[in-house]
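Student:
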Amino acid sequence: MYFLERARFLDGANKSLLLSEQQRRDFNQFLLNGRANLEKAAELSASDPGPFAALTALSIHLKLPRAEMEKWFQRAVDIDPGWLAAYRAKLLYLSPWWYGSDQMMEQFARNSFNLESSDVSTYVVYLDYLKLRSDRLGRGLQKEQFLLAPETYQMMSKGLDRYLVDYPTSSAINIYLDLKERALDDPYVAIASFSDTLNNSPDDVDSRKGRILAYIKNRQFREAEEDLVYLEKLQGKTGFSRFHLGSIVFQAGQDLERAHLLIDDAIGLESSGYRRKNYYYQRAEFYRQLGRQPEAIADYSAAIDQDILYEEAYYGRAQSLHAQGHLEGGLADLVIIKSSIRGRMTTKARSLINAYLKKPVGHVATSGSESVRLPSNQLSLTPEKEIESGLDNGHREFLIRGLRRYYENNIEAARRDFYRVISHEPDNAKAYFMLGEIAAQHDFNQVEACVFYRQAYRLAPDTPDYLIELSRCLYRQRSFSDAIALLSGFINDPELPAIEAVLLGQMYFLRGSCLEESGLIPEAVEDMQKALTHDPELKAAALFIRDHSAETKEETETSLVIAPLSTTSEFSPREAEAAKLIKVGRQQLLEGDITGAKVSFLRVIRLNPEASSAYHQLGRLYFEHEQNYEKARIYYSQAIDKDDGVAHYYFDRAAIHFFFKR
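Below, the structure is given as structure tokens:
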């Protein structure tokens, strides 16, 4: 889907009146260059569906005939029958706003839904079709009639049920669930449509469920309850039936204990993690609206335990905590939302923070079942102290478990644990730092990594590790002046805390690298010399000095001790050293040491100018980590010049052509 999304963007740029004729020619040339690279990648790696799926997407924007598109699509799905990007690309090609019609698109979507494959993801194409078609129909009766057609609604319901089980944490869930909301826009129309189907087929489960939802939306609770009773006769007790019976009792406000138990039944019966968290959340909302904040807080917390990034639950819990007088707890939850990866509710959280800070809160409950114990927000000076001092409410174990999971490479589980620590200990610098590590080294999201590193350093300014990683992150973002200012503030501090010489060497090395990028070579050399003084093993600094010093090579070699190249290998000593450095550079790239990796790969090229993998790795570094697309293109092209038989060199270079600058 990467190439499809980029091609969409480029096509929008091409249609823009803001483009000059030269830019339009550039746009078309980019498409042709991208196609050439993808075709070469497909030729060299006939077992990889990726290039063929990308070519299927490009067939839209290159205005290729259907036979060409079908050729690429068929090659992709022959290799992998469940390659979703190819199906989505063909769906768009067959749409009426490209080269097809509603009928062609629908037929293809239905075939994809029923495809027998080990990868069940192709049913998502039918949900894509429903969204595209309903978007085109807009609001009104025509759209509702389309979604409420018995077979369409039945397939949509089955697709959504599968999606909630297969992708419970997907960011696209709400987009697809909105399809049902669209179908129920006018509950009277929905009730009439479902009733017509049920008159002919009273045991149609999907229509029965649809009518129940329409009745509840229309506040026809008695009719909804009758349908729920009938549904349980057909299916027995299910999560759906128990939850909606419980919600009806809640809204009637008659027997809250029974309502609570009904939703407990629903949670126990439900197989979908998404629905379980939603049942907790909805019950919490009912309690909050009834003013029963302790019960609401308990259910919001249970929902968060199901999904540690559940922003709506944090937002609701913040309101309940504030209503009980716990301002700090409410603000802590809102800070979580502001720092969230998803960021859907950042604006609402910021507004509520401002509102809470401007008005007084209620009396804090201090005893009995109504009270909620909140963690203390003590500032920790070092990561070790953070762990040793322990976290309130037993959350020390989550920090330790998160660290263990991180080093076992169980990244998503570790991420959830660190977010849980922050939800109870918003001043825990170590948790923020580890979230920065995940963002930088696993998500490759330098902007988000900087946010977490900066927060960690703000909370624990005497921790050099936090400063070093923040500075590295700023370097990758090319924010050299910011990095220099931070490092200088620490290094020049007259009350500089006692730290290891190796760490101080890293700081000088980073500042020297930033000074070099800023064009201040003499100052950079001076910092590199200081770095080498503090850490004699820092070969990257020694190489920098040797390459930039005005002294003769002989004088440099007498003042710096650099390990000689090995001559014991049967290969050329330079080639042997280059082979070692390639491995070192790749490891540095994996560990997030971008500067070190760059130095290693450049050193490989000096030792062995024919090493194509070094050029390719530098291309990846500039593309993925520094977003310097021109340099990435140059290095990818040099890699292909050195070895034109490697498929992924062409595939990676193809990506460069889809970054079109106005």
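Position 154, counted from 1, in the sequence shown is what the working numbering calls 701; the numbers after and before it change by one each time, with no gaps.
In this text, a Cβ means the ideal position worked out from N, Cα and C, and glycines have one as well.
Going by CA-CA distance only, name the one from Asp852, Asn584, Tyr640 and Glu1042 that's closest to Gly597.
Tutor: Nearest option by C-alpha distance: Asn584.
Student: Is Asp713 helix, strand or coil when you go by DSSP?
Tutor: Helix.
Student: Among Ile763, Asn658, Trp619 and Gln650, whose alpha-carbon lies nearest the alpha-carbon of Ala636?
Tutor: Closest option to Ala636, Cα to Cα, is Trp619.
Student: Does Asp964 get closer than 8 Å to chain D when you measure Cβ to Cβ?
Tutor: Structure shown: chain D not included; a single protein chain is present.
Student: On the three-state DSSP scale, how would you describe Lys610?
Tutor: Lys610 falls in the coil class under three-state DSSP.
Student: Using DSSP with H/G/I as helix, E/B as strand and the rest coil, what is Thr1080?
Tutor: Residue state, collapsed to three classes: helix.
Student: Roughly how many whole angstroms lie between the Cα atoms of Arg1133 and Ile958?
Tutor: Near 20 Å, if we compare the C-alpha coordinates of Ile958 and Arg1133.
Student: In chain order, what residues of the same chain have a beta carbon less than 8 Å from the beta carbon of Tyr862, not counting five sequence neighbours either side?
Tutor: Hits under 8 Å: Asp880, Leu881, Ile884, Met892, Lys895, Ala896 and Leu899.
Student: Report the three-state DSSP secondary structure of His1172 (helix, strand or coil).
Tutor: Three-state DSSP puts His1172 in a helix.
Student: Can you list, in chain order, the residues of its chain whose CB lies under 6 Å from that of Ser704, leaving out five sequence neighbours each side?
Tutor: If we look at Ser704 and ignore the five residues flanking it on each side, its Cβ neighbours are Asp753.
Student: Is it true that the CB of Phe980 sits closer than 8 Å to the CB of Leu953?
Tutor: This sequence places Tyr at residue 953; Leu is not what is there. No, the pair does not count as a contact, with Cβ atoms beyond the cut-off.
Student: According to the Cβ coordinates, are Ile855 and Arg967 closer than 8 Å?
Tutor: Contact: yes.
Student: Considering Lys784, what are the terminal residues of the alpha helix (DSSP H) in which it resides?
Tutor: Taken as a continuous stretch (DSSP letters only), Lys784 belongs to no alpha helix (DSSP H), as it is neither H nor E.
Student: Let me confirm a value: Asp1009 is counted as buried when at least 16 other C-beta atoms fall within 10 Å, else exposed. Which label applies?
Tutor: Its Cβ having fewer than 16 others within 10 Å, Asp1009 is exposed.
Student: Take the Cβ of Trp630 as the centre, count every other Cβ of all protein chains shown within 10 Å, and call the residue buried at 16 or more, exposed below.
Tutor: Under this definition Trp630 is a buried residue.
Student: Do you know how far the Cα of Ile1015 is from the Cα of Arg1121?
Tutor: Roughly 32 Å between the two C-alpha positions.
Student: DSSP state of Trp645, grouped into three classes?
Tutor: Correct three-state label for Trp645: coil.
Student: From Lys764, Phe945 and Ala1125, pick the residue whose C-alpha is nearest to that of Pro1156; which is it?
Tutor: It is Ala1125 whose Cα lies nearest to the Cα of Pro1156.
Student: Below 6 Å CB to CB, which residues in the same chain sit around Phe1170 once its five sequence neighbours on both sides are set aside?
Tutor: Around Phe1170: Ala1179.
Student: Who are the near neighbours of Lys784 in its chain, counting only those whose CB is closer than 8 Å to its CB and skipping five residues on each side?
Tutor: Asp812 and Leu816, listed in sequence order.
Student: Within the same chain, show all residues whose beta-carbon is closer than 6 Å to that of Ile814, passing over the 5 residues directly before and after it, in chain order.
Tutor: Hits under 6 Å: Arg823 and Tyr826.
Student: For the segment 961–1015, which segments carrying the beta strand (DSSP E) assignment without a break, of at least 3 residues, lie completely within its bounds, in sequence order?
Tutor: The qualifying runs do not exist here; there are none.
Student: Kindly indicate the opening and closing residues of the alpha helix (DSSP H) around His873.
Tutor: No alpha helix (DSSP H) contains His873, which DSSP labels as neither H nor E.
Student: Restricting to Cα atoms, I'd like to know which of Asp974, Arg1025 and Phe768 is closest to Tyr1004.
Tutor: Of Asp974, Arg1025 and Phe768, the residue nearest in Cα terms is Asp974.
Student: For Asp1029, which residues from the same chain have a beta carbon less than 8 Å from its beta carbon, with the 5 sequence-adjacent residues on both sides left out?
Tutor: Contacts found: Leu1021.
Student: Spatial neighbours of Leu878 within its chain, please: C-beta separation below 7 Å, excluding the five flanking residues on both sides.
Tutor: Taken in chain order, the residues that qualify are Ile900 and Tyr903.
Student: Can you give me the start and stop residues for the alpha helix (DSSP H) that Asp812 sits inside?
Tutor: Residues Leu803 to Leu816.
Student: Counting along the chain, where does the alpha helix (DSSP H) carrying Pro841 start and finish?
Tutor: Per DSSP, Pro841 belongs to the alpha helix (DSSP H) from Gln840 to Gln853.
Student: Please state the DSSP three-state secondary structure of Arg1025.
Tutor: Coil at Arg1025, not helix or strand.
Student: Who are the near neighbours of Val994 in its chain, counting only those whose CB is closer than 8 Å to its CB and skipping five residues on each side?
Tutor: Result list for Val994: Gln1024, in chain order.
Student: Take the Cβ of Arg1019 as the centre, count every other Cβ of all protein chains shown within 10 Å, and call the residue buried at 16 or more, exposed below.
Tutor: Answer is buried; the Cβ neighbour count reaches 16.
Student: Within a Cβ cutoff of 7 Å, which residues of the same chain sit near Gln1185, ignoring the five residues on either side of it in sequence?
Tutor: Once the five neighbours on either side are set aside, the close Cβ partners of Gln1185 are Tyr1162.
Student: Rounded to whole angstroms, what's the CA-CA distance from Ser1160 to Ile969? Just pull it up for me.
Tutor: Approximately 41 Å between the Cα atoms of the pair.
Student: Are there 16 or more other CB atoms within 10 angstroms of the CB of Ala860, so buried, or fewer, so exposed?
Tutor: Buried is the call here.
Student: Assuming Gly1166 and Tyr1182 form a contact by the criterion Cβ under 8 Å, report the distance between their Cβ atoms to the nearest whole angstrom.
Tutor: Rounded, the Cβ-Cβ distance is 4 Å, consistent with contact.
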